[in-house]
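Chemist: For the sequence shown, position 808 (counting from the first letter as 1) is numbered 810 according to our numbering, and the numbering increases by one without interruption.
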Amino acid sequence: MSALSPWSKTLLVACQLLLFNLLYSSPSIPEADNQQLIPDLEGDILFLTDSSGSVSHYEFAKVKEFMVRLLRPFYIGPNDVQVSIVHISTIPTLEFPFDRFRSNSDLLSAVKNMTQKMGDTNTGKALQYAKDTIFTDATGSRAGIPKVLVWVTDGISTDDILQPMNLLKDFGVHAFIVSTGRGNYVELSEAASQPTENHLYFVEVDDLPIILDELLDSIIEVIRTKRLRAYDITSRGFQLNWPPFFSDDAGYYVLKYYSATEPNRKISQNLPGSQTSLKVANLHPGTTYEVTLIPETNVGLMKPQTITVTTLKELIVPKSLSAYDITSSGFKIQWSPLFSTYPGSYVLEYYSVTDPQMKYTQKLSGDQTSLKVSNLYPGTSYEVTLIPKSDVVFITPQKITVTTLKEVIVPKSLRAYNITSSGFRLQWSPLFSTDAGYYVLEYYPTTDRQRKYTQKLSGDQTSLEVSNLYPGTSYEVTLIPHSNVVFIPEQKITVTTLKEVIVPKSLSAYNITSSGFRLQWSPLFSTYPGSYVLEIYSATDPQKKYTQNLSGDQTSLEVSNLYPGSSYEVTLIPQSNVVFIAPQKITVTTLKEMIVPKSLRAYNITSRGFRLQWSPLFSTDAGYYVLEYYPTTDRQRKYTQKLSGDQTSLEVSNLYPGTSYEVTLIPHSNVVFIPEQKITVTTLKEVMIPKSLSAYNITSSSFQLQWSPLFSTYPGSYVLEYYSATDYHWKYIQNLLGDQTSLKVSNLYPGSSYQVTLIPQSNVIFIAPQKITVTTLKDEVTPTQILISESKPHSFKVSWSPKLDSVSHYQVLYSPLRRGSAKSVIVGGSQNTTVLENLLPNTTYLVTVIAQYKSGLEKALSAKACTLEENSQIRHLHFQSMNPNSLQASWEQADGNVLGYKVRCRRQAGPPSLQSVAPQMNSVIVTGLAPGTANRICVTPVYSGQKGKALCKTTYIQPASVPATYQPQKQICQQGQNC
């Protein structure tokens with residue numbers, strides 16, 4: 003065979019690396035976004051989440067993501083799984099109670115929107131809070147339902163956890179602990195429920211998905227339930243539902259039920275094993291029934307399910323549903339109240355008898371006794387059903403049939419004539435040929451709809467005289483035909499009486515206070531002699547009318563001694579024997595008198611300004627403020643500003659240092675009267691201090707701040723603020739003493755710029771804040787990947803990369819996923835591989851490699867690893883030639899519980915192949931072998947969750963020129979192999 007070209011060598015190496023990764027790399031963890039919801043689970047799950055300052059925002063986000071994936075498979079509701087979350091901080095904080103959510107999507111959205119609380123890690127206090135407050139009726143926790151606590155911690159706690167945790171476990175709570183740090187294993191083992199291997203997990207925060215399935219299975223094991231339920235209970239029956247008890251056709255059910263008062267009259271029914279529901283009917287109202295579902299199978303004994311169901315009482319009420327005010331497009335229905343004693347509601351259904359498919363349904367409250375139905379077809383019959391709904395009694399639905407009136411289109415004939423200043427005459431065409439109807443006439447001034455006049459007229463009447471109207475006034479006139487046979491639309495016209503004397507309305511009120519106002523009007527008697535009568539009365543007490551005669555040349559009047567917050571009807575009536583001038587009316591409401599406590603105050607006082615704040619005085623847009631302020635030594639320099647009524651604060655700036663200002667807040671309202679508020683504010687003296695804030699000892703996650711002492715003469719303190727330049731929403735604020743001159747800032751992101759501000763605080767002087775920008779060093783990260791290889795029954799090899807000079811040493815933690823305690827080994831910083839020995843066979847291990855940097859930092863990564871079963875290998879692999887292009891590979895049966903075999907063939911000429919062989923077989927035919935080539939064949943046993951050790955041999959296929967009767971050549975063996 004000719005030598006390979008450089009390009010071919012490169013391609014061969016790439017293929018080998020790809021094959022190596024496919025065979026030995028750890029599988030990625032799939033996302034569970036499309037996970038199906040799991041039925042038959044019922045429990046109260048409380049998450050105790052570390053929200054303190056010892057947890058970074060990145061770690062908090064990873065824990066939220068883990069919680070979302072863990073909760074995604076659950077049905078959420080009062081009859082399924084309920085979830086609550088408590089934050090661990092200085093004081094425990096409830097995110098939401100158990101009974102908040104009734105859907106999985108709403109719960110997951112709430113978890114994603116949680117924010118970190120910061121503070122101290124007082125876990126013991128949070129556990130006691132869970133015992134005393136959360137697992138109670140007040141938060142929706144249910145009695146007799148399994149209770150689960152999932153505590154996610156970084157291994158740090160500032161108070162005792164064992165005593166409150168033991169109280170919770172004594173209360174029946176199953177405690178699961180997930181430690182994302184290296185907490186005290188002994189303490190956490192004692193705190194978790196037993197057995198420890200099912201309730202305690204150690205894993206890095208980036209590798210939380212590794213334990214997702216294990217933890218989910220353990221929680222499901224606690225809250226899984228199989229129960230018989232009854233719903234849709236009526237007075238005559240109910241619906242039964244139960245989860246499937248049989249995975250296949252391995253059994254059937256026997257259903258028995260009987261009245262508690264007649265146990266001898268038991269009804270029994272056999273049901274197939276695939277059935278999960280049944281409707282039980284023909285029962286007695288208000289009767290308690292004992293229902294038992296007995297699973298029958300030859301596989302094992304299953305516990306019967308028994309529940310008690312009480313049918314609703316049946317209440318006989320007289321039929322009262324009726325219809326009235328029937329028109330061509332609708333009607334009103336009315337019924338007697340049915341739920342004066344029992345709680346309940348109604349469902350109203352109606353449909354056209356010619357089209358029952360178009361059914362309209364509406365839910366009504368239990369105290370409703372009428373409803374208007376509209377948008378119907380003329381001359382159509384409708385079936386109307388009122389269905390009472392109650393969990394206590396059963397009331398028979400009521401039905402009526404209502405037919406809308408036919409609609410008759412008649413030409414509009416209503417008209418007005420003989421119009422004067424005080425009346426007019428109406429006329430219309432006759433609309434009723436017999437005594438089959440009547441009219442209702444309505445008219446009112448278009449400016450005063452409250453003054454409506456209504457008159458009933460006979461069906462044969464065709465005209466009417468309307469009088470006693472106001473001159474120059476428009477009236478809305480409506481003629482409404484009424485008939486029980488047909489529907490005739492109403493007719494409307496607008497009629498305006500003639501003007502007599504054109505006098506513009508001028509009566510107005512101003513200077514309104516809480517006890518009076520001033521009236522003003524234009525002079526009306528400059529040409530004609532006359533006088534005025536003024537009438538005033540309260541809108542709530544029109545019987546107490548105040549009347550006053552005024553001369554004709556008077557144009558204003560002061561009205562006093564009124565009640566605060568009261569509406570008054572004011573009428574100015576011109577009196578003249580020559581002309582008619584219409585009275586003028588206005589309504590005036592005095593202001594409410596409101597006594598409010600003084601709340602105006604100033605804070606954030608500097609040398610150049612201050613901030614004002616006050617309590618809200620206006621509940622609606624019923625007012626505004628005027629703010630005035632000026633130096634007490636110079637009242638001429640007054641500043642005035644108008645503010646909206648919903649404003650409660652204002653920043654005042656551009657002032658003089660060390661100066662006193664008189665500040666006045668004046669509320670203005672047309673509704674209430676509120677006194678003004680005054681305060682005096684003195685700005686601080688201004689002291690100029692050179693900038694001294696600096697940073698040193700900068701690492702990838704921290705830096706040291708230092709500044710000169712600023713309060714050697716004046717009393718004061720500092721506020722330190724810092725935030726990432728790429729995420730200014732996450733601002734950290736810390737209060738410092740006035741004699742402090744340095745601070746270490748830690749838990750930062752590598753390679754990130756932070757804006758740092760030191761703000762001196764003093765009530766005597768103003769010192770300008772100091773700002774600097776500090777950038778942390780970039781972080782050298784290792785390990786970024788872990789490789790598990792050379793797996794054996796009692797050992798495997800762990801390798802990681804990259805290898806960095808900045809690492810002092812590595813700590814490798816390993817423990818079985820479901821049982822046993824964690825162990826560790828120390829590896830020097832110059833190495834990146836180690837062999838873990840003395841392991842259990844056929845076991846899945848969680849391996850965590852922790853890099854300890856010389857700078858004091860550390861980084862960890864986790865992976866799964868599996869040991870092989872004892873003697874899980876192939877022995878005595880043989881080949882038997884079948885023809886020039888194929889052979890039979892055979893081997894002895896491998897030890898242990900073999901699930902099958904994988905047979906891989908790497909051909910010298912042609913693509914590789916992979917075949918799966920059943921466990922009871924120990925041979926396979928390999929085809930497609932080219933004559934004159936060497937081919938490598940490997941047989942690997944497959945066990946539950948892992949592969950055994952493969953046995954590989956190379957065989958040579960004779961060239962095609964060899965006669966057909968050739969014998970197979972001796973197998974070619976590589977060094978170190980047994981052939």
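In this text, a Cβ means the ideal position worked out from N, Cα and C, and glycines have one as well.
If I'm right that R603 touches I681 with Cβ under 8 Å, what's the distance once you round it to whole angstroms?
Modeler: At roughly 7 Å, the Cβ-Cβ gap stays under 8 Å, so R603 and I681 are in contact.
Chemist: Might you give, ordered along the chain, the residues of its own chain that have their beta carbon closer than 6 Å to the beta carbon of L471, omitting 5 neighbours on each side?
Modeler: Excluding positions up to five away in sequence, the list reads S424, G425 and T499.
Chemist: Looking at the unbroken alpha helix (DSSP H) that takes in R71, where does it start and where does it end?
Modeler: Looking at the DSSP string, the run of the alpha helix (DSSP H) that includes R71 is H59 to L73.
Chemist: DSSP on Y131, reduced to helix/strand/coil?
Modeler: Residue state, collapsed to three classes: helix.
Chemist: Assuming S803 contacts Q854 under a Cβ cut-off of 8 Å, what Cβ separation, rounded to an integer in Å, is found between them?
Modeler: Wrong, their Cβ atoms sit about 17 Å apart, outside the cutoff.
Chemist: Which residue spans inside the stretch 565-602 form an unbroken beta strand (DSSP E) run of at least 3?
Modeler: The qualifying runs are 569-577 and 586-591.
Chemist: Applying the criterion that 16 or more other CB atoms from any shown protein chain within 10 Å of the CB defines a buried residue, is L24 buried or exposed?
Modeler: For L24, the pLDDT reaches just 36, beneath the cut-off of 50, and the residue's location in the model is therefore unreliable, although a value from the coordinates is still provided. Classification for L24: exposed.
Chemist: Rounding to the nearest angstrom, what Cα-Cα distance links P339 and P246 in this structure?
Modeler: Approximately 44 Å, taken between the alpha carbons.
Chemist: Relative to the C-alpha of A177, which candidate in S191, Y187 and G183 has its C-alpha closest?
Modeler: For the residues S191, Y187 and G183, the minimum Cα distance to A177 belongs to S191.
Chemist: Ends of the beta strand (DSSP E) at N168?
Modeler: Segment L164 to D172 is the alpha helix (DSSP H) holding N168; no beta strand (DSSP E) there.
Chemist: With DSSP run on the structure shown, which of helix, strand or coil describes E220?
Modeler: Reading the sequence as shown, one finds Ser at residue 220 and not Glu. Looking at S220 - three-state DSSP - the assignment turns out to be helix.
Chemist: Give the C-beta separation of S562 and N551 to the nearest angstrom, bearing in mind that I take them to be a contact with Cβ-Cβ under 8 Å.
Modeler: Their Cβ separation, rounded to whole angstroms, is 18 Å, which puts S562 and N551 out of contact at 8 Å.
Chemist: What is the residue span of the beta strand (DSSP E) that N937 lies within?
Modeler: Taken as a continuous stretch (DSSP letters only), the beta strand (DSSP E) holding N937 covers A936 to Y945.
Chemist: Nearest by alpha-carbon distance to I163: which of S516, L50 and T227 is it?
Modeler: When only C-alpha atoms are compared, the closest one is L50.
Chemist: Would you decide whether Y255 is buried or exposed? Buried here means 16 or more other CB atoms lie within 10 Å of its CB.
Modeler: With 16 or more Cβ atoms within 10 Å of its Cβ, Y255 is classed as buried.
Chemist: In this structure, how does DSSP classify S617 when only helix, strand and coil are distinguished?
Modeler: S617 falls in the coil class under three-state DSSP.
Chemist: Assign P913 to one of three DSSP states: helix, strand, or coil.
Modeler: DSSP places P913 in coil when its eight states are reduced to three.
Chemist: Between V829 and L842, what straight-line distance do the alpha-carbon atoms span, to the nearest angstrom?
Modeler: Approximately 22 Å, taken between the alpha carbons.
Chemist: Per DSSP, which residues does A952 bridge with? Please list them.
Modeler: DSSP output for A952 lists no bridge partner at all.
Chemist: From P961 to Y903, what does the alpha carbon distance come to, in whole angstroms?
Modeler: Spanning the two alpha carbons is a distance of roughly 30 Å.
Chemist: Pick helix, strand or coil for I212, following the three-state DSSP scheme.
Modeler: In this structure, I212 counts as helix in the three-state DSSP scheme.
Chemist: Using a 10 Å radius around the Cβ and a threshold of 16 neighbouring Cβ atoms, would you call Y60 buried or exposed?
Modeler: Under this definition Y60 is an exposed residue.
Chemist: Alpha carbon to alpha carbon, what distance is there between T515 and Q452?
Modeler: Using only the alpha carbons, I get a separation of about 28 Å.
Chemist: Pick out the complete beta strand (DSSP E) segments inside the stretch 642-726, 3 residues or longer, and give them in chain order.
Modeler: Runs of the beta strand (DSSP E) inside the stretch 642-726: 651-654, 662-671, 679-684, 696-698, 705-708 and 719-726.
Chemist: Check whether the Cβ atoms of L819 and T846 lie closer than 7 Å to each other.
Modeler: A contact, by the Cβ cut-off of 7 Å.
Chemist: Can you list, in chain order, the residues of its chain with a C-beta nearer than 8 Å to that of Q277? Leave out the 5 residues immediately preceding and following it.
Modeler: Closer than 8 Å at the Cβ level, and outside the excluded window around Q277, lie Y255.
Chemist: For T684, I'd like the list of residues in its chain whose CB is within less than 6 Å of its CB, leaving aside the five on either flank, ordered along the chain.
Modeler: Result list for T684: S662, in chain order.
Chemist: What is the DSSP secondary structure of P961, counted as helix, strand or coil?
Modeler: It is coil, neither helix nor strand.
Chemist: Taking a contact to mean a Cβ-Cβ separation below 7 Å, would you say S671 touches G718 in this structure?
Modeler: Not in contact: S671 and G718 (Cβ atoms no closer than 7 Å).
Chemist: Any contact between the stretch 939-949 and the stretch 890-905? By contact I mean 3 or more CB pairs, one from each, below 8 Å.
Modeler: The stretch 939-949, when compared against the stretch 890-905, does touch it at the 8 Å Cβ threshold.
Chemist: Look up P8 in the DSSP assignment and say whether it is helix, strand or coil.
Modeler: Caution applies to P8, whose pLDDT of 43 falls short of 50 and renders its modelled position unreliable; the model cannot decide the point.
Chemist: Going by the beta-carbon positions, is the gap between G253 and E298 smaller than 7 Å?
Modeler: Yes, these two residues count as a Cβ contact at 7 Å.
Chemist: Helix, strand or coil for K315? Go by DSSP, reduced to three states.
Modeler: If DSSP states are grouped into helix, strand and coil, K315 belongs with the strands.
Chemist: Does the separation of the CB atoms of Y512 and V497 fall below 7 Å?
Modeler: It is not a contact, given that the beta carbons lie outside the stated cut-off.
Chemist: Assess, as a yes-or-no matter, whether the stretch 313-331 is touched by the stretch 219-237 under the definition of 3 or more beta carbon pairs within less than 8 Å.
Modeler: Yes: the two stretches touch, three or more of their Cβ pairs being nearer than 8 Å.
Chemist: Looking at Q364: is its Cβ nearer than 7 Å to the Cβ of L378?
Modeler: Not closer than 7 Å, so no.
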